[in-house]
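Q: Residue numbers (the working numbering): -18 to 196.
Structure in structure tokens, see below.
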């Protein structure tokens, strides 16, 4: 019934409201079969519709892992894209460790993670997969399936993350790091995703969970 509810709702919104894109929170809790049915049905109505989601689960799930719509299973989901935490954390450090750094703010040996993100998670002869931060093998069929980004509504904004992880950096240095991170996102083969306000150094005053704040 949940599959029926999801499918009928999405098809209705696509037909009646002409919505041309859907993001699936915690897409990994849904099964591959359902997600493929959704993408096929929506693409029949609008071939240009954009479908993407978080290729992970919050914690565990009763669904067998091999059936989950996870990032590592994106090759079984040819019409859907997923967020690339490889390039996200490779660029500026882990979202779960405030002081952790990435390529733009001083971490060493992050080049392969950046290259992996730049090519869009595909098979590429110039990427050493055993040195990529998270994914040790390609997970996309085509580069557009990899959503390249540095920040979104969850966690710190890019500027706040850089400021917290590089406390001795000047504002000019933070701006340079910020520009480099976004330049890599915008010139990667993946689908670029920009958090609203990232173009003007948006800050949430250091707050990572602002769901109940006017920021």
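Where a beta carbon is used, it is the ideal one built from N, C-alpha and C, also for glycine.
From a predicted model like this one, the values you see are computed outputs, not experimental measurements.
For residue 191, I'd like the list of residues in its chain whose CB is within less than 6 angstroms of its CB, leaving aside the five on either flank, ordered along the chain.
A: The residue you call residue 191 lines up with position 210 of the chain shown. Excluding residues within five positions, the ones whose Cβ falls inside 6 angstroms are 185.
Q: I believe residue -8 touches residue 13 by the beta-carbon criterion, under 8 angstroms. Please report the beta-carbon distance rounded to the nearest angstrom.
A: Position 11 of the chain shown, counting from 1, holds the residue named residue -8. Position 32 of the chain shown, counting from 1, holds the residue named residue 13. Not quite, the Cβ-Cβ distance comes to about 19 angstroms (not below 8 angstroms), so this is no contact.
Q: Quick check: what's the CA-CA separation for residue 71 versus residue 95?
A: The count along the chain shown starts at 1 and reaches residue 71 at position 90. The count along the chain shown starts at 1 and reaches residue 95 at position 114. Approximately 6 angstroms between the Cα atoms of the pair.
Q: Determine the DSSP secondary structure at residue 6, reduced to helix, strand or coil.
A: The count along the chain shown starts at 1 and reaches residue 6 at position 25. In the structure shown, residue 6 sits in coil (DSSP, three-state: anything other than H, G, I, E or B).
Q: Rank 113, 101, 149, 165 by C-alpha distance to the C-alpha of residue 122 and give the top, closest one.
A: As a first step, residue 122 is located in the chain shown; it is residue number 141 there, counting from the start. Checking every option, the nearest Cα to that of residue 122 belongs to 101.
Q: So, with DSSP's three-state summary, where would you put residue 128?
A: Residue 128 sits at position 147 when you count from the first residue of the chain shown. Note: residue 128 maps to strand in three-state DSSP.
Q: Within the same chain, show all residues whose beta-carbon is closer than 7 angstroms to that of residue 162, passing over the 5 residues directly before and after it, in chain order.
A: Locating residue 162 in the chain shown gives position 181, where the first residue counts as 1. So the list reads 72, 73, 85, 131, 139, once near-sequence residues are dropped.
Q: Could you round the C-beta distance between residue 129 and residue 171 to whole angstroms and report it? I think they count as a contact, below 8 angstroms.
A: The sequence position of residue 129 within the chain shown is 148, counting from 1. The sequence position of residue 171 within the chain shown is 190, counting from 1. Residue 129 to residue 171, Cβ: 4 angstroms. Contact.
Q: Where does residue 194 land, buried or exposed, given buried means 16+ other C-beta within 10 angstroms?
A: Residue numbering aside, residue 194 sits at position 213 when the chain shown is read from its first letter. Exposed, by the Cβ-count rule.
Q: Let me know if residue 55 comes out buried or exposed under the rule of 16 or more other beta-carbons within 10 Å of its beta-carbon.
A: By one-based count along the chain shown, residue 55 stands at place 74. With 16 or more other Cβ atoms within 10 Å, it is buried.
Q: Could you check if residue 89 is buried or exposed, using at least 16 other CB atoms within 10 Å of its CB as the buried criterion?
A: By 1-based counting over the chain shown, the position of residue 89 is 108. That one is exposed.
Q: Using the C-alpha atoms, what's the distance from residue 145 back to residue 182?
A: Within the chain shown, the letter at position 201 stands for residue 182. Within the chain shown, the letter at position 164 stands for residue 145. Straight-line Cα distance between these residues: approximately 14 angstroms.
Q: Apply the 10 Å Cβ neighbour rule to residue 68 and answer buried if 16 or more other Cβ atoms are within range, or exposed otherwise.
A: For the purposes of this step, residue 68 is taken as the residue at position 87 of the chain shown. The residue is buried, with at least 16 neighbouring Cβ atoms inside 10 Å.
Q: Can you tell me whether DSSP reads residue 168 as helix, strand or coil?
A: Position 187 of the chain shown, counted from the first residue, corresponds to residue 168. Residue state, collapsed to three classes: helix.
Q: Look up residue 174 in the DSSP assignment and give the residues it is bridged to.
A: In the chain shown, residue 174 corresponds to position 193, counting from 1. Per DSSP, none; premise fails for residue 174.
Q: List the whole-angstrom C-beta distance separating residue 61 from residue 34, where the pair is believed to meet the contact cut-off of C-beta under 8 angstroms.
A: Position 80 of the chain shown holds residue 61. Position 53 of the chain shown holds residue 34. Indeed, because the Cβ distance is near 7 angstroms, the residues count as touching under 8 angstroms.
Q: Could you tell me whether the region 3 to 21 touches the region 42 to 53, using the rule of 3 or more Cβ pairs below 8 angstroms?
A: At 8 angstroms Cβ cutoff, the stretches touch.
Q: Identify whether residue 74 lies in helix, strand or coil by the three-state DSSP scheme.
A: For the purposes of this step, residue 74 is identified with residue 93 of the chain shown, where counting begins at 1. Residue state, collapsed to three classes: coil.
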